[in-house]
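So the protein lines, in turn, are chains Y and R.
All residue numbers for the first sequence refer to my numbering, where the first residue is 50 and numbers rise by one.
All residue numbers for the second sequence refer to my numbering, where the first residue is 50 and numbers rise by one.
Even for Gly, the Cβ is constructed at its ideal location relative to N, Cα and C.
Here's the structure, in structure tokens; my notes come after.
Protein chains: 2
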Amino acid sequence: MIAEIISIGTELLHGDIVDTNSAYLAEKLTGCGIDVHYISTVGDNKQRLYKTLQQAVERADLIITTGGLGPTMDDLTREAISEITTCPLVMRPDLVIDIEGYFNHKRTTMTPNNLKQSYLPEGAIPINNPVGTAPGILLEKDNYIIISLPGVPREMKIMFEESVLPYIKKKNNLMIISKELHFIGIGESTLETKLEDIMDSMNPSLALLAGDGEVKLKITGKGRTKKKIENKISEIVKTVRNRVGEYIYGEDETSLPDEIGKLLSKRGVTIALAESCTGGLIGARITDIPGSSAYFKGGVIAYSNEVKINHLGVNKNTINKEGAVSPETAAEMASGVRQRLEADIGLSVTGIAGPEGGTDEKPVGLVYVGLAGIDGEVKTYKLNFKGDRNKNRWLTTQSAFYYLYRYLKFSFK
Amino acid sequence: MIAEIISIGTELLHGDIVDTNSAYLAEKLTGCGIDVHYISTVGDNKQRLYKTLQQAVERADLIITTGGLGPTMDDLTREAISEITTCPLVMRPDLVIDIEGYFNHKRTTMTPNNLKQSYLPEGAIPINNPVGTAPGILLEKDNYIIISLPGVPREMKIMFEESVLPYIKKKNNLMIISKELHFIGIGESTLETKLEDIMDSMNPSLALLAGDGEVKLKITGKGRTKKKIENKISEIVKTVRNRVGEYIYGEDETSLPDEIGKLLSKRGVTIALAESCTGGLIGARITDIPGSSAYFKGGVIAYSNEVKINHLGVNKNTINKEGAVSPETAAEMASGVRQRLEADIGLSVTGIAGPEGGTDEKPVGLVYVGLAGIDGEVKTYKLNFKGDRNKNRWLTTQSAFYYLYRYLKFSFK
Numbered sequence: 050m051i052a053e054i055i056s057i058g059t060e061l062l063h064g065d066i067v068d069t070n071s072a073y074l075a076e077k078l079t080g081c082g083i084d085v086h087y088i089s090t091v092g093d094n095k096q097r098l099y100k101t102l103q104q105a106v107e108r109a110d111l112i113i114t115t116g117g118l119g120p121t122m123d124d125l126t127r128e129a130i131s132e133i134t135t136c137p138l139v140m141r142p143d144l145v146i147d148i149e150g151y152f153n154h155k156r157t158t159m160t161p162n163n164l165k166q167s168y169l170p171e172g173a174i175p176i177n178n179p180v181g182t183a184p185g186i187l188l189e190k191d192n193y194i195i196i197s198l199p200g201v202p203r204e205m206k207i208m209f210e211e212s213v214l215p216y217i218k219k220k221n222n223l224m225i226i227s228k229e230l231h232f233i234g235i236g237e238s239t240l241e242t243k244l245e246d247i248m249d250s251m252n253p254s255l256a257l258l259a260g261d262g263e264v265k266l267k268i269t270g271k272g273r274t275k276k277k278i279e280n281k282i283s284e285i286v287k288t289v290r291n292r293v294g295e296y297i298y299g300e301d302e303t304s305l306p307d308e309i310g311k312l313l314s315k316r317g318v319t320i321a322l323a324e325s326c327t328g329g330l331i332g333a334r335i336t337d338i339p340g341s342s343a344y345f346k347g348g349v350i351a352y353s354n355e356v357k358i359n360h361l362g363v364n365k366n367t368i369n370k371e372g373a374v375s376p377e378t379a380a381e382m383a384s385g386v387r388q389r390l391e392a393d394i395g396l397s398v399t400g401i402a403g404p405e406g407g408t409d410e411k412p413v414g415l416v417y418v419g420l421a422g423i424d425g426e427v428k429t430y431k432l433n434f435k436g437d438r439n440k441n442r443w444l445t446t447q448s449a450f451y452y453l454y455r456y457l458k459f460s461f462k
Numbered sequence: 050m051i052a053e054i055i056s057i058g059t060e061l062l063h064g065d066i067v068d069t070n071s072a073y074l075a076e077k078l079t080g081c082g083i084d085v086h087y088i089s090t091v092g093d094n095k096q097r098l099y100k101t102l103q104q105a106v107e108r109a110d111l112i113i114t115t116g117g118l119g120p121t122m123d124d125l126t127r128e129a130i131s132e133i134t135t136c137p138l139v140m141r142p143d144l145v146i147d148i149e150g151y152f153n154h155k156r157t158t159m160t161p162n163n164l165k166q167s168y169l170p171e172g173a174i175p176i177n178n179p180v181g182t183a184p185g186i187l188l189e190k191d192n193y194i195i196i197s198l199p200g201v202p203r204e205m206k207i208m209f210e211e212s213v214l215p216y217i218k219k220k221n222n223l224m225i226i227s228k229e230l231h232f233i234g235i236g237e238s239t240l241e242t243k244l245e246d247i248m249d250s251m252n253p254s255l256a257l258l259a260g261d262g263e264v265k266l267k268i269t270g271k272g273r274t275k276k277k278i279e280n281k282i283s284e285i286v287k288t289v290r291n292r293v294g295e296y297i298y299g300e301d302e303t304s305l306p307d308e309i310g311k312l313l314s315k316r317g318v319t320i321a322l323a324e325s326c327t328g329g330l331i332g333a334r335i336t337d338i339p340g341s342s343a344y345f346k347g348g349v350i351a352y353s354n355e356v357k358i359n360h361l362g363v364n365k366n367t368i369n370k371e372g373a374v375s376p377e378t379a380a381e382m383a384s385g386v387r388q389r390l391e392a393d394i395g396l397s398v399t400g401i402a403g404p405e406g407g408t409d410e411k412p413v414g415l416v417y418v419g420l421a422g423i424d425g426e427v428k429t430y431k432l433n434f435k436g437d438r439n440k441n442r443w444l445t446t447q448s449a450f451y452y453l454y455r456y457l458k459f460s461f462k
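Spelled out as structure tokens, the structure:
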């Protein structure tokens, strides 16, 4: 089955918003074994919308549109589909009731233009919209299927998951299964070299995705039976784990803070943070995880030297002699926060995020991470980043998590 | 001038990555007064890429492609342009030198396939790539211009800004100027009602963009002279400021932490944070701003009650009697951090982010913000959010910034 995705809305052609709907739909369709050949974006312009739809029904089996289903004059999707499919728009009394019900429930007044949304091309099946007024459209013709969803991502996604996905799965019985392996502490090119001989494998296929200071390997298999595809994927995973297993920190939907949370819970220990250049970002990422209060005590954002001295117990002489950005300060911060917040583990970072504050000796991007373990012993790590402020701060959190993860995973007695 | 944007790459059709390049280019082109009629995405497939390009040169004056310029066999953009324009590919000795130079500089070995990137369609001008090996292509034909840029956003953006934008501005002399007003403390629909009579204005046009707990108004004017457009925009801005000026916190590229930073600097005062449910996210956002060390002392991430008591001086009885999520605790947290970190202002948040931890009396989404002013007086604010954990945490930071901003702007003596 060949699919085409069409995003409708002038705001997309102005670049006011990024079209995330298409990537979402493309991923879901690919996951069902459907080949997406084209993604098109077109504005709220009658003529160009017709042309784009006409072309799509000629070259694809399944056309999914998003946007242009609202009640205003700009919303042209309904009319365009009616025209292209030669199915006249007819009012659906059941939809009138739904739309009136929606406004009653919200206790707001319905304006007459909302009734436009109760018209569908003849023969179309309305797709229920549990979170808005615009119903979707599903229309089967001899050679193609058109599905129209609203442009608001939240509405589109709920309707796709609840109604469209089950329908498509029935129509198309080729299955695609993917598995993701998450790596930390190894670069994309090194990984590619180590896996060179299997990277070209066709089924399952392998793809490396790098970004945000880590690398993912996506393994995708196609077939008719789940069992067979999963077996093929397992074989690849086994090969990869044999070669570079020590750099894999997780599979599928996960993140470093997620895996660290699991390890801390499993070992029944708590952690506290002392953050300088990250200003709270490590804490924000740790507490992103629901239930993190079980192992996260809290932290000190020690942005000024006073706070480092008064609230973490860093020695004034250490800062004067070695500087606030030094392994010695990082070590005292980690020890200090561990003791003062009565945690089992203390993690600290101090560095120069930029753009100001760098010197020849201590350039922008220099960062020290301190890790005080459960026995009180402290290790420090030196890092040199080359990014801008944002990137340096993010990579600092990634590195801190990396050392913490390895400590919890491998060095913990 | 009518433009079309084409994104090339199978990874886009799989939904592995979201196409942010097109929105970036669309915004820049719109800003130059160029109408973008279509955005298309096509995979690394010869036949479909040719068709898409052929169609584009027939209906647009300016075609910008991204992706498919790399050295591998999958990269087909160069060949496709050569075919469509009937300009044969010729090797450019100057580009060979550039590419060899790039590898020498990086001290890595050049593989022969990299030389593919030294071939350009005859008559094309290479676009310098300061951060990678793939040069871009600029080819002027009688009826259209094709510009090809790499798909890596960082490379694409630098090349667009440095080389393409100046070229396009010369070619097209209609000007578009935009101004953005940032609102906080007023909802999209209220704002729309208050501006109803001017929302339909054509030139300048007005658009409301809501998201992330705030609303933006984008005012866009078109014309031939800068002065005239700016005057028209100024009139609209004046009208808007007269009606809803108190909710405007900034113009154009800015953010709440940015404006708060400016106010703190201007007034020469410092701030400290006591964060519970946000776990460091407020600090992370404040320290996103370069130079924030001038006014940000630091903070305490008081995730556990122990930390609230021992490191912020919250009274144990307050927590036992009123609970950790209460106006009383928020007030003591704000006072405590202000005193202990010797800051002029203390800002605190405590709440239930979810998904667990809610009760009938104190449901998920209940948050208290505490603000201890320069005179030591404390105010607290109650909030009820209805989102998931992520959204509740983000909206908590937005609200805390809102109260802080209003304090600094209006109540400060």
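Taking a C-beta cut-off of 9 Å against chain Y, the contacting residues of the stretch 345–357 of chain R are F345, K346, G347, G348, V349, I350, A351, Y352, S353, E355, V356, K357, listed in chain order. Residue pairing of Y:N433 in beta bridges, as defined by DSSP: Y:L415.
Taking Y:R108 as the centre and dropping the five residues before and after it, the same chain places the C-beta of I51, E53, H86, Y87 closer than 8 Å to its C-beta, in chain order.
Taking a contact to require three or more Cβ pairs closer than 8 Å, the stretch 135–154 of chain Y and the stretch 89–104 of chain Y do not qualify as touching. Taking 3 residues as the minimum length, the beta strand (DSSP E) runs contained wholly in the stretch 147–221 of chain R are 168–170, 174–176, 185–189, 194–198, in order along the chain.
Against chain R, the CB of Y:Y417 has no partner CB under 9 Å away; the residue lies outside that interface. Listed in chain order, the positions of the stretch 68–79 of chain Y with a beta carbon within less than 9 Å of a beta carbon of chain R are D68, T69, S71, A72, Y73, L74, A75, E76, K77, L78, T79.
Proximity of R:L390 to chain Y, defined by a Cβ-Cβ separation below 9 Å, is satisfied.
Among the bridge pairs identified by DSSP, Y:K265 is matched with Y:H231, Y:L258. At a cut-off of 9 Å between beta-carbon atoms, R:C326 makes contact with chain Y. Going by DSSP, R:L322 is part of the beta strand (DSSP E) stretching over 320–324. Residue environment: R:M382 is assigned as buried (16 or more neighbouring CB atoms within 10 Å of its CB, all protein chains considered). Around Y:S167, the same chain offers M140, R141, L144, V145, I148 as residues with beta carbons nearer than 7 Å, after the five sequence neighbours per side are excluded. Excluding its 5 nearest sequence neighbours in each direction, Y:I338 has C-beta neighbours in its own chain below 7 Å: P306, D307, G310, listed in chain order. Within the model, the alpha-carbon separation for R:L74 versus R:Y216 is close to 14 Å.
Approximately 6 Å separates the beta-carbon atoms of R:Y344 and R:I320; this is inside 8 Å, confirming the contact. Contact between Y:H360 and Y:Y298 fails: their C-beta atoms lie close to 32 Å from each other, not under 8 Å. For R:G340, the nearest CB of chain Y lies under 9 Å from its own CB, placing it at the interface with that chain. Under the DSSP assignment, R:V286 falls outside any beta strand (DSSP E), being part of the alpha helix (DSSP H) whose first and last residues are 275–293. As DSSP reads the structure, R:M224 sits in a beta bridge with R:G272.
Taking 9 Å as the cut-off, the beta carbon of Y:T429 is found no closer than this to the beta carbon of Y:V413. About 30 Å separates the beta carbons of Y:R156 and Y:L138, which is beyond the 8 Å limit, so they are not a contact pair.
When Cβ-Cβ separations below 9 Å define contact, R:N359 makes contact with chain Y. Chain-order list of chain Y residues neighbouring R:H154: empty, with the shortest C-beta distance near 15 Å, by a criterion of under 9 Å. Those residues of the stretch 94–108 of chain R placed with their C-beta closer than 7 Å to a C-beta in chain Y are R97, ordered along the chain. DSSP places Y:V139 in the strand class (E or B) of the three-state scheme. Y:I331 is positioned such that its CB atom lies closer than 9 Å to that of Y:G348. Between the stretch 250–257 of chain Y and the stretch 205–212 of chain Y there are fewer than three C-beta pairs closer than 8 Å, too few to call the two in contact. Neighbours of R:T115 in chain Y, taken as residues whose beta carbon is under 7 Å from its own, are absent, since the nearest beta carbon is some 13 Å off. For R:L305, the enclosing alpha helix (DSSP H) starts and ends at 305–316. Listed by position along chain R, the residues whose Cβ is nearer than 9 Å to that of Y:P184 form an empty set, because the closest Cβ is around 22 Å away. Contact annotation: Y:Q447 and Y:I235 have beta-carbon atoms that are not nearer than 9 Å.
In this structure, R:I268 places its C-beta atom within 9 Å of the C-beta atom of R:S227. Look at R:H360 here: in three-state DSSP terms it is helix. Close partners of Y:H63 in chain R (Cβ separation under 8 Å): A75, E76, T79, V85. Of the candidates Y:L187, Y:N162, Y:K271, the residue whose Cα lies closest to the Cα of Y:S131 is Y:L187.
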